[in-house]
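To start, the structure itself, in structure tokens.
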Amino acid sequence: MKILRRGVSEMKVCVIGGGASGMVAAITAARAGAQVTILEKNDRLGKKILVTGNGRCNLGNRNLSKEQYYSEDLAFVDRVLDRFGTEETISFFRSIGLLVREKNGYLYPYSEQASSVLDVLRYELEQLGVILRTGCPVRGLVRSGSGTFRVMLQDEQLFFDRVILACGSQAAPKTGSSGDGYLFARQLGLTLLPVVPALVQLRCRGSFWKSVAGVRSEGRLCVMEKGRLIASERGELQLTEYGVSGIPTFQLSRIVNRLLANSPEVELFIDFMPDQPDEFFSDFTRNMKKRTRTVEEYFAGLWNKKLLQVFLKEAGLRPSDSVRNIPRQTLERVYAISRHFSVVCTGSNSFDQAQVCAGGVSLDELTDELEAKKVPGLYLIGELLDVDGKCGGYNLHWAWSTGYIAGSAAAEET
Ligand SMILES: Cc1cc2nc3c(=O)[nH]c(=O)nc-3n(C[C@H](O)[C@H](O)[C@H](O)COP(=O)(O)OP(=O)(O)OC[C@H]3O[C@@H](n4cnc5c(N)ncnc54)[C@H](O)[C@@H]3O)c2cc1C
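If you read the sequence shown in our numbering, its first letter stands for residue -2, the second for the next number, and so on.
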């Protein structure tokens, strides 16, 4: 246990979980004068921050709006973003000594090292005298009739006026967030919306995946429901030995996982040439008509070689077939396959590989200060809530913003 300088307020605030949201909540509560303790089960704070943005920590985005999030209550999300937006994020970090750099709207620490973000948060906590107890998993949480909270540790109980639950979701449990927050919330009578992995790779049927593993290709990934296109994302797709990965896949994974909750499989398709106009194939064949080639040579300039083999097989062709002997409709079919490559998704990778979770504690349970309506004095923040953002810094933004709001509110004397 590390005890540092204490605050001066009467309010004793406990933050359960020393991740992104918990650290910001502790800073704002301590700045407002409360005596703040962070209880963190890992042997150090902010383990997950270190793996964000491939170690660079994409901590926010200029293009912030509720449209970048999923939740049953986007109006609530909007109100939070209104109170703590991108400017507030930049100035909060500036206030603790972190310079932020912007790349196409994406925000990173100027050092482009996630460790800088964690360091400045930790230094500020120490400066403010927040009590940091690491290696300290919370086992239970009870609110007494008098309104104080009893926090159960392995072989000790602690008492607080206010508790901020910041245990995260159950995505990437190696970083500490293994779903304890959901358990505590449920025990306290709060409603949880079903939790599924999001920002995660999709697993698909088909033996050909092994042959295309490692291919990266620009494409549009499309999700179908009952034969209707319901969502699509454009960008670099990464093909793996079991299915698809890459940013567009991550962005769509929560939608697919929701569909998979009610159906064993989901129909997807990939357009591997999303830029090309309708007349592309006629122009292509006009240019190529005098060529004597195998079909593999004919199409060699269009797609990754490994993908081409799959398209040809799907069209019933062998790579060595001569183009002269292939009817135009069959050549057209190869092209059509590349524009509408059908894929059957049977699942996603698990919570272990997911960056975030969709679902969580319902926002209906909370006031705008993120206090539980049924449990006054209890605040819930971060990914534990039924809010998940797209790739692009939006999830960390949600962690900072909810931490900031709840931290200030929890420190207020009633
Ligand atoms: C690989 C990866 C990359 C990502 N990259 C980005 C990115 O670039 N940009 C972005 O915006 N988002 C990114 N995210 C998502 C982002 O990191 C999370 O949304 C964010 O960290 C959530 O913050 P949180 O405070 O709610 O939870 P966490 O950061 O998970 O913190 C929860 C803390 O609670 C602790 N805890 C849990 N249970 C207990 C208990 N019983 N007792 C005590 N402590 C407990 C955990 O150990 C953990 O430290 C990424 C996630 C992953 C996994």
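Note that beta-carbon positions come from the ideal geometry of N, C-alpha and C, so glycine has one too. Please read these numbers as outputs of a predicted model, since none were measured by experiment.
Item: Cβ contact (3+ pairs, closer than 8 Å) linking the region 392 to 401 and the region 70 to 80; Value: yes
Item: Near ligand 1: residue 66 beta-carbon under 8 Å from a heavy atom; Value: no
Item: Minimum C-alpha distance to residue 109 - residue among 361, 97, 119; Value: 97
Item: Secondary structure of residue 2, DSSP reduced to three states; Value: With a pLDDT of 40 at residue 2, under the threshold of 50, the modelled position of this residue cannot be trusted; read the value that follows with caution. Residue 2: coil per DSSP, three-state reduction.
Item: C-beta atoms of residue 24 and residue 162 nearer than 9 Å; Value: no
Item: For residue 106, the residue or residues it bridges with in DSSP; Value: 97
Item: At least three beta-carbon pairs within less than 8 Å, the region 251 to 263 to the region 308 to 327; Value: no
Item: Best match in 187, 217, 89, 8 for proximity to residue 246 [C-alpha to C-alpha]; Value: 217
Item: Buried or exposed (CB count within 10 angstroms, at least 16 for buried), residue 81; Value: buried
Item: Given 8 Å, three or more beta-carbon pairs between the region 185 to 202 and the region 341 to 354; Value: yes
Item: Beta-carbon proximity of residue 42 to residue 172, cut-off 9 Å; Value: no
Item: Presumed contact (8 Å Cβ cut-off) between residue 265 and residue 388, rounded CB distance; Value: Not quite, the Cβ-Cβ distance comes to about 18 Å (not below 8 Å), so this is no contact.
Item: Inter-residue Cα distance where the pair is residue 408 and residue 140; Value: 17 Å
Item: Limits of the unbroken beta strand (DSSP E) element including residue 190; Value: 189 to 195
Item: Endpoints, beta strand (DSSP E) assigned at residue 172; Value: Taken as a continuous stretch (DSSP letters only), residue 172 belongs to no beta strand (DSSP E), as it is neither H nor E.
Item: C-beta atoms of residue 365 and residue 73 nearer than 9 Å; Value: yes
Item: Length of the line joining the Cα atoms of residue 40 and residue 133; Value: 8 Å
Item: Own chain, CB closer than 8 Å to residue -1, minus 5 neighbours either side, in chain order; Value: Below a pLDDT of 50, predicted positions are generally treated as unreliable, and residue -1, at 35, falls in that range; the measurement from the model is reported next regardless. Once the five neighbours on either side are set aside, the close Cβ partners of residue -1 are 128, 129, 130, 131.
Item: Through-space distance from residue 56 to residue 222, alpha-carbon basis; Value: 33 Å
Item: Coarse secondary structure for residue 214, derived from DSSP in three states; Value: strand
Item: Whole-angstrom distance between residue 208 and residue 238, CA atom to CA atom; Value: 7 Å
Item: Rounded straight-line distance, which links the Cα of residue 69 to that of residue 360; Value: 8 Å
Item: Assigned exposure category for residue 152 - 16 Cβ within 10 Å defines buried; Value: exposed
Item: The alpha helix (DSSP H) enclosing residue 321, as first and last residue numbers; Value: Careful: residue 321 lies outside any alpha helix (DSSP H) and carries neither H nor E.
Item: For residue 8 and residue 159, believed in contact at Cβ under 8 Å, the rounded distance; Value: 6 Å
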